[in-house]
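Colleague:
In this note's numbering, the protein residues as written are -1 to 194.
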């Protein structure tokens, strides 16, 4: 893994206004880098493609793209200013593509893995990521201790998936069938009227 590249990325994230409230690289490292790398074991054997939904400053997408340089990884960001900053931050990571747009407007059943870290509450993140994932693929959600796993499982079932397992504070949702009719819902609906 190219640690110098990741260090440069952290420096740029901290220096770019609006990408993080973390004041220093030392404060950002455990939150943006180490936390992202918890998913490394879950990507073993993946040939992609992978999408990081609501990528913000590029975590978890950029660290995972550096860890897996042969894996095609898309960073999806709805805010234009952040998407532009992401394109700059990812310029030295050749296996990364930045897309400005909303999850609800992307093609469905495309990706092997969808990632969501700090995108939305876990049930909402499940609804936003699962339509992007093809059958037998997974969505990986970073969650806190208080996350309502039963509610996440109910939302996953509505979108053709199941809560398959948990790994080190990450929920792994396995897609069992193509995205059902009615999903994704219109932009903003998942947050405005959450399922589950």
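Just so you know, even glycine gets a beta-carbon here, dropped at the ideal spot from N, CA and C. These numbers come from a predicted model, not from an experiment.
Going by the beta-carbon positions, is the gap between residue 126 and residue 145 smaller than 8 angstroms?
Modeller: Looking up residue 126 in the chain shown gives position 128. Looking up residue 145 in the chain shown gives position 147. If you check the CB distance, residue 126 and residue 145 do not come in under 8 angstroms.
Colleague: Which value, in whole angstroms, describes the spacing of the CA atoms of residue 80 and residue 194?
Modeller: Taking the chain shown and counting its residues from 1, the one referred to as residue 80 is at position 82. Taking the chain shown and counting its residues from 1, the one referred to as residue 194 is at position 196. About 30 angstroms.
Colleague: Report the residue from 160, 130, 171, 129 whose alpha carbon sits nearest the alpha carbon of residue 139.
Modeller: Looking up residue 139 in the chain shown gives position 141. It is 171 whose Cα lies nearest to the Cα of residue 139.
Colleague: Opposite residue 203 in the DSSP bridges: which residues?
Modeller: Residue 203 cannot be examined here, being either before or after the span of the chain that is shown, -1 to 194.
Colleague: I think residue 70 touches residue 38, with their Cβ atoms under 8 angstroms apart; what is that distance to the nearest whole Å?
Modeller: Translated into the one-based positions of the chain shown, residue 70 becomes position 72. Translated into the one-based positions of the chain shown, residue 38 becomes position 40. Actually they do not touch by this definition, with Cβ atoms about 17 angstroms apart.
Colleague: Could you tell me whether the stretch 81 to 95 touches the stretch 157 to 165, using the rule of 3 or more Cβ pairs below 8 angstroms?
Modeller: no
Colleague: Name the residue from 55, 5, 177, 26 whose alpha carbon lies nearest to the alpha carbon of residue 16.
Modeller: The residue given as residue 16 occupies position 18 in the chain shown. Of 55, 5, 177, 26, the residue nearest in Cα terms is 55.
Colleague: What first and last residue would you give for the beta strand (DSSP E) that runs through residue 139?
Modeller: Here residue 139 is taken as the residue at index 141 of the chain shown, counted from 1. 131 to 140 is the extent of the beta strand (DSSP E) around residue 139.
Colleague: Look at the Cβ atom of residue 158, then the Cβ atom of residue 176, and state whether they are nearer than 8 angstroms.
Modeller: Numbered from its first residue, the chain shown carries residue 158 at position 160. Numbered from its first residue, the chain shown carries residue 176 at position 178. Contact flag set, yes.
Colleague: What is the DSSP secondary structure of residue 50, counted as helix, strand or coil?
Modeller: For the purposes of this step, residue 50 is identified with residue 52 of the chain shown, where counting begins at 1. Residue 50: strand per DSSP, three-state reduction.
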